Amino acid sequence: MLVLSTIGGVGMWSVVVALPAIQAEFGIARADASLPYTLTMFGFGVGGILLGKLSDSCGIVVPVVAGMACLVAGYAAAAAAASLWQYSAAHVVIGFGSSATFSPLLAETSHWFEKRRGAAVGIIASGNYLAGTLWPPAIQHFIESAGWRPTFSGIAVFCLATMLPLALTLRRRAPAGHHEAAGTVRAGVPRASGRPLGMSPSALQNLLMFAGVGCCVAMSMPQVHLVAYCSDLGYGAARGAQMLSLLLGCGIVSRLTFGWISDRIGGLRTLLIGSGMQCLALALFLPFDGLASLYLISALFGLFQGGIVPSYAIIIREYFPPREAGTRIGMAITATLVGMAFGGWISGVIFDLTGSYRVAFVHGIAWNVANMAAALFLLGRARRDLQPAAA
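In my numbering, the protein residues as written are 14 to 404.
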């Protein structure tokens with residue numbers, strides 16, 4: 014599953030690497046060249062929900078094969094695109110296909126593990142960051158040596174040759190025992206009751222989605238604008254790219270570590286701890302802007318923020334029936350993508366209005382605080398629920 018997640022994650026990163034080449038070939042502005050990224054996120058979000066729902070009813074093989082087919086078709090169409098709009102439309106399909114290797118795989122992984130579920134989910138979730146570490150230099154190499162069109166055609170062939178055999182190894186369905194009885198308690202967590210945390214299932218889902226938007230609006234500020242921020246400070250784009258790579262690399266460590274932590278303290282506490290530490294790291298960008306300081310803060314931000322998104326999958330598996338995992342995890346992950354997309358865009362708007370990223374950092378911190386408030390609210394309700402459960 015980790016290998017599948019890493020291969021399928023190409024859809025999240027190829028569009029970023031190819032942006033300068035696309036801008037040059039079609040003779041368009043930077044804002045227009047960024048449109049395919051936005052549409053990739055749109056396809057990824059929609060695919061996470063629809064393919065997650067498909068995994069609930071058909072198992073994991075069908076959505077992964079469907080995602081592979083979309084990746085192959087999307088990259089082939091993008092390679093043959095004669096205009097920006099054709100290229101952009103192809104990236105909706107690419108994003109949709111890439112989504113099959115994230116939230117559906119997280120849901121499927123959660124069905125196979127009980128005691129070490131958090132660690133297992135964290136490992137699979139790190140595939141997205143591994144893709145961000147491995148794919149960009151490879152894609153950049155082939156774009157420089159062969160051009161972006163042959164590179165995209167090559168990605169289509171590679172996905173077909175590798176993802177289909179890997180998908181077929183997942184034909185075995187999860188053990189029937191993964192459908193836990195409602196109301197049981199594990200590690201102080203009441204499971205899958207009719208009113209989880211004393212709320213309706215839709216209310217809890219919506220609050221988790223709001224929390225997902227909040228944490229990722231904050232998360233997007235460094236991830237999307239770190240390179241530009243370093244350029245504005247006079248350090249150059251190359252330094253910013255190195256910091257971003259460092260951030261993503263530390264994010265892998267974060268996802269593995271926080272997965273281990275969530276097995277011991279539960280998803281809600283893990284969410285609150287990760288969110289609080291992310292807020293602290295984001296706040297450090299305000300007083301410190303030296304080169305060494307930015308490298309250190311980027312590493313800290315990656316170590317703190319990487320485990321937040323997988324914690325939503327753990328929370329959903331703790332408080333919702335297993336048969337709904339694919340759909341609900343897909344909805345939660347889509348909310349985080351909305352936060353990333355909105356946060357990246359609004360930070361640019363704030364910079365255009367103020368001429369500085371300082372207010373944008375404060376804006377991200379405010380959304381982070383909203384996420385912490387939601388986590389505290391849910392944790393308080395969980396503690397009240399534990400009293401009658403323990404009795």
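The beta carbon of each residue, even a glycine, is placed where N, CA and C say it ideally should be. As the structure is a prediction and not an experimental result, all values here were calculated from the model.
Asked: Would you decide whether F301 is buried or exposed? Buried here means 16 or more other CB atoms lie within 10 Å of its CB.; Found: exposed
Asked: Where does T367 land, buried or exposed, given buried means 16+ other C-beta within 10 angstroms?; Found: exposed
Asked: On a Cα-Cα basis, can you pick out the residue from R397, G65, Q255, S306 that is closest to R336?; Found: G65
Asked: Can you list, in chain order, the residues of its chain whose CB lies under 8 Å from that of G135, leaving out five sequence neighbours each side?; Found: R268, L269, T270, F271, G272, W273, S275, G320, P323
Asked: Buried or exposed: which applies to L281, given that a residue is buried once 16 or more other Cβ atoms fall within 10 Å of its Cβ?; Found: buried
Asked: Alpha carbon to alpha carbon, how far is A159 from L32?; Found: 16 Å
Asked: Quick one: measure Cβ to Cβ for G11 and M234, integer angstroms, because I've assumed they're closer than 8 Å.; Found: No answer is possible for residue 11: it lies beyond the span of the chain, which begins at 14 and ends at 404.
Asked: Sort T51, G60, T347 by Cα distance to A82 and report the nearest one.; Found: G60
Asked: For Y308, collect the residues of the same chain with a Cβ closer than 7 Å to its Cβ; drop the 5 residues on either side in sequence, then sort them by chain order.; Found: M256, L259
Asked: Are R130 and R371 close, meaning C-beta to C-beta below 8 Å?; Found: no
Asked: Give the C-beta separation of W98 and V230 to the nearest angstrom, bearing in mind that I take them to be a contact with Cβ-Cβ under 8 Å.; Found: Between V230 and W98 the Cβ distance is about 29 Å, and since that is not below 8 Å, they are no contact.
Asked: Rounded C-beta distance between L261 and G108? I'm assuming under 8 Å.; Found: Contact doesn't hold; Cβ gap of about 19 Å is too wide.
Asked: Assess contact between the stretch 151 to 170 and the stretch 85 to 103, defined as three or more Cβ pairs (one per stretch) separated by less than 8 Å. Is contact present?; Found: yes
Asked: If V78 and A169 are in contact, beta carbons under 8 Å, what's the gap, nearest whole angstrom?; Found: No, V78 and A169 are not in contact; Cβ-Cβ is about 15 Å, not under 8 Å.
Asked: According to DSSP, is G72 helix, strand or coil?; Found: coil
Asked: Express the C-alpha separation of A395 and G140 in angstroms, rounding to a whole number.; Found: 31 Å
Asked: From E157 to S166, what distance separates their C-alpha atoms?; Found: 15 Å
Asked: Measure the CB-CB distance between G110 and G80 and report whether it falls below 8 Å.; Found: yes
Asked: May I have the straight-line CA-CA distance separating Y50 from L389, to the nearest angstrom?; Found: 33 Å
Asked: Would you give the residue range spanned by the alpha helix (DSSP H) that G110 belongs to?; Found: 97 to 112
Asked: Leaving out five residues on either side along the sequence, give the residues of the same chain with a beta carbon under 6 Å from the beta carbon of G227.; Found: W380, A383, N384
Asked: Sort S360, H238, K128 by Cα distance to R277 and report the nearest one.; Found: K128
Asked: Let me confirm a value: A403 is counted as buried when at least 16 other C-beta atoms fall within 10 Å, else exposed. Which label applies?; Found: Below a pLDDT of 50, predicted positions are generally treated as unreliable, and A403, at 49, falls in that range; the measurement from the model is reported next regardless. With fewer than 16 Cβ atoms within 10 Å of its Cβ, A403 is classed as exposed.
Asked: Please classify D69: is it buried, with 16 or more other beta-carbons within 10 angstroms of its beta-carbon, or exposed?; Found: buried
Asked: By Cβ distance below 7 Å, which residues in the same chain neighbour W26 in space, the five residues on each side in sequence not counted?; Found: A144, G145, W148, P149
Asked: Alpha carbon to alpha carbon, how far is F314 from Q291? Give it in angstroms, no decimals.; Found: 6 Å
Asked: For a minimum of 4 consecutive residues, which ranges assigned as the alpha helix (DSSP H) are wholly contained in the stretch 124 to 191?; Found: 130 to 159, 161 to 181
Asked: Rank Q153, I286, S311 by C-alpha distance to the C-alpha of A34 and give the top, closest one.; Found: Q153
Asked: Anyone know if the C-beta pair for A345 and G211 falls short of 8 Å?; Found: no
Asked: Taking L17 and M176 to be in contact with their CB atoms under 8 Å, please state how far apart those CB atoms are, rounded to whole angstroms.; Found: 6 Å
Asked: Should L350 be labelled buried (16 or more other beta-carbon atoms within 10 Å of its own) or exposed?; Found: buried
Asked: Return the first residue and the last residue of the alpha helix (DSSP H) that D245 is part of.; Found: 214 to 245
Asked: Taking 8 Å as the limit between beta carbons, can you name the residues of its chain near V28, skipping five residues before and five after?; Found: P49, Y50, T53, H104, I107
Asked: On the CB-based measure, 16 or more other CB atoms within 10 Å of its CB, does P178 come out buried or exposed?; Found: exposed
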